[in-house]
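Step one of this worksheet: look at the structure below.
Structure below.
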């Protein structure tokens, strides 16, 4: 039996209501793009925030929306970084945007192949497999010294101008505009994705896989799909890092990177798309401040933050965003228009 | 050839002592404790301070390392870990990673970032030969100590009152509580004992594995391999797994040095895909 036209209409309306742009979201992106002209002297750190935000967004897709814990998400990040750096160094693909796409596709391919490993087993098995994968790739990059430069990292990479027009400069001006544009486009795609029926089915898989399969959702298929997509996102984030710094080293695969990423996402809150972006902003500024304070020992404070977050409770930590979210949900276009018209009415 | 086997066994035994505490917390209590290596590192540094700086005899420092790590483990369990037992795995992972980061930075701050070694007594250095097998004296000592510990551990778990209480608490903590077993206390003691063993392993292993502030990170994957590959239904599983890992790692590094750690990681992933409950577990209990 086909669903009735009314229920289809209700569902479509509900979905499009979910997907509607809120004023705060628009403001967020306006500020982000305005930063290109407003804060030219902070572009280096802003670039880092942009790729870290994209990386966290990628983890959010699998952790926040599909409930897969990964300790080795740096595997895809690193693969993307090395792919982009190698493509540029050996002048295989000179156009950065094209290289970015290829790096993303390479990471997606790896994500697709390894997603089958992640499907099986408990949280612990997943942790081990993802962690092992990142370690394997790191070892691989270390051993293939003739190609990757081994422990010294891949040096002598020069990135050609974006679209043949915008040259990368040492102040990160081009880098930030470029990274932010990539982040924005990928964010739009992710936003479309999680607000679609596919995104909803992911949430149901996260909530209860058994029930999800009972109502006809292919659990494995959904997990493979989102894991592959997230891997591609992580790869592009890594490629952005390699392109904006003209460098790739073994450090891109490191365990610390995967662990830091979890912290980024937890600070911002998993399970909504802005969590990773907000987390990246807070994390980078915190790191900047702490490492200026104690260059060698800042991991201690990062660790302390993690322990405190868990002991206090993740829900309570991320609840600091709740008032904003409440405001955001009240602040729809209609109320905004009403207030504006009321204000202009008073003036008259 | 046999020398490699011998070294591998010594290495494996050491890994077992280091990881056996984790086998209990992770396997039995179902708590993902990535910070296990931090307790081992604590034991190692205690020994280094005692032997190198204060001139305490090596053998006297081993029990002290055990006690120090056990006390640290006990305090942490009572103060912090109890709050995290019931939380989801993601929280446990975040919490223990946080502890690892803190311990790494703290060790760096207190002890410096360089690698340190324990001055082992003269009569334990060097090696002798039996039937053409080169046997390192220190490695022989490790095999003897770790072998004794394994037997003792198996005995405690299987034949003592505490062991049966622990197994009862793990199998069904509610019923165990109903029978008047103080489950929290049993868990705390077990955790402390496991940390103590890790500390002892760290003290013994400082000479072979090398000790520096990144120790908990470097060996985390090894501990996890031992526990997940070995399975968690018995103490023999992790024991066999650590022997295999030790021999495999030593032989792999000796015969195919170009492959490095590939062998280990690949084997781990294959095993986990093939048998997610571990190689030696009889059946998934839960």
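Chains as they are written, first to last, in our numbering: chain F, 581 to 928; chain U, 957 to 1242. Think of the CB as a built atom: it goes at the ideal place given N, C-alpha and C, for glycine as much as any other residue. Keep in mind it's a predicted model, so treat the numbers as computed, not measured.
Query	Result
Can you give me the start and stop residues for the alpha helix (DSSP H) that residue 1024 of chain U sits inside?	1014-1035
Looking at the strands, I want to know which residues DSSP matches up with residue 828 of chain F.	F:734
Using a Cβ cut-off of 7 angstroms, pull out every chain U residue sitting near residue 877 of chain F, in sequence order please.	1061, 1064 and 1065
Name, please, each residue of chain F whose Cβ falls closer than 9 angstroms to the Cβ of residue 1051 of chain U.	886, 887, 889, 890 and 891
Taking Cβ-Cβ distances below 9 angstroms as the criterion, which residues of the region 702-731 of chain F are in contact with chain U?	702, 703, 704, 705, 707, 708, 709, 711, 712, 713, 715, 716, 719, 720, 722 and 723
Can you find a C-beta in chain U that's less than 7 angstroms from the C-beta of residue 763 of chain F?	no
Could you tell me which chain F residues have their CB closer than 8 angstroms to the CB of residue 906 of chain U, listed as they occur along the chain?	Shown here, chain U extends from 957 to 1242; a query on residue 906 of chain U therefore has no answer.
Please classify residue 861 of chain F: does DSSP put it in a helix, a strand, or coil?	helix
Between the region 1003-1025 of chain U and chain F, which residues of the former have CB atoms less than 9 angstroms from a CB of the latter, in chain order?	none
For chain C, is any of its Cβ atoms less than 7 angstroms away from the one on residue 841 of chain F?	As a matter of chain content, chain C is missing from the structure shown, whose protein chains are F and U.
Ignoring anything shorter than 4 residues or poking outside the region 611-682 of chain F, list the alpha helix (DSSP H) runs there in chain order.	623-643 and 654-669
Distance check for residue 1194 of chain U and residue 1037 of chain U, CA to CA, integer angstroms please.	23 angstroms
Are the C-beta of residue 974 of chain U and some C-beta of chain F separated by less than 7 angstroms?	no
Run through chain F and tell me which residues come within less than 8 angstroms of residue 1210 of chain U, C-beta to C-beta.	Result: empty, since nearest Cβ-Cβ is about 17 angstroms, beyond 8 angstroms.
Quick check on the DSSP output: what are the complete alpha helix (DSSP H) runs of length 4 or more inside the region 750-803 of chain F, in order along the chain?	753-774, 777-787 and 789-794
If you reduce the DSSP assignment to three classes, tell me which class residue 1239 of chain U lands in.	Bear in mind that a pLDDT of 46 at residue 1239 of chain U, under 50, signals an unreliable position, so the model cannot answer this.
Within 10 angstroms of its Cβ, does residue 958 of chain U collect 16 or more other Cβ (buried), or is it exposed?	exposed
Pick out whichever of F:739, F:613 and F:643 has its Cα sitting closest to the Cα of residue 672 of chain F.	F:739
Please confirm whether residue 997 of chain U has its beta-carbon closer than 7 angstroms to some beta-carbon of chain F.	no
Compare the Cα-Cα distances from residue 982 of chain U to each of U:1202, U:1223 and U:1182 and report the closest residue.	U:1182
I want to see whether chain U comes within less than 7 angstroms of residue 928 of chain F, judged by CB atoms only; does it?	Residue placement at residue 928 of chain F is poorly supported in this model, since its pLDDT is 49, which falls under 50; the coordinates still yield a value, given next. No, residue 928 of chain F lies away from the interface with chain U (no Cβ there is under 7 angstroms from its Cβ).
Is it buried or exposed, residue 1082 of chain U, if we count other Cβ atoms within 10 angstroms and call 16 or more buried?	exposed
Looking at chain F, is there any beta carbon in it that lies within less than 7 angstroms of the beta carbon of residue 1167 of chain U?	no
Taking Cβ-Cβ distances shorter than 7 angstroms, what residues in chain U pair up with residue 835 of chain F?	1173
Using a 10 Å radius around the Cβ and a threshold of 16 neighbouring Cβ atoms, would you call residue 1066 of chain U buried or exposed?	exposed
Based on DSSP bridge pairs, tell me the residues matched to residue 746 of chain F.	F:742
Just to confirm my understanding: we take residue 628 of chain F, look at its own chain, exclude 5 residues before and 5 after, and list those with CB closer than 7 angstroms. What are they?	864
Closer than 8 angstroms between beta carbons: that is the criterion. Which residues of the region 1027-1047 of chain U meet it against chain F?	1036, 1039, 1040, 1043, 1045, 1046 and 1047
Chain F beta carbons: is any one of them nearer than 7 angstroms to that of residue 1198 of chain U?	no
Compare the C-beta of residue 809 of chain F against all C-beta atoms of chain U and say whether one is closer than 7 angstroms.	no
Under a CB-based cut-off of 7 angstroms, is residue 787 of chain F close to chain U?	no
Look at the Cβ atom of residue 1004 of chain U, then the Cβ atom of residue 1024 of chain U, and state whether they are nearer than 7 angstroms.	no
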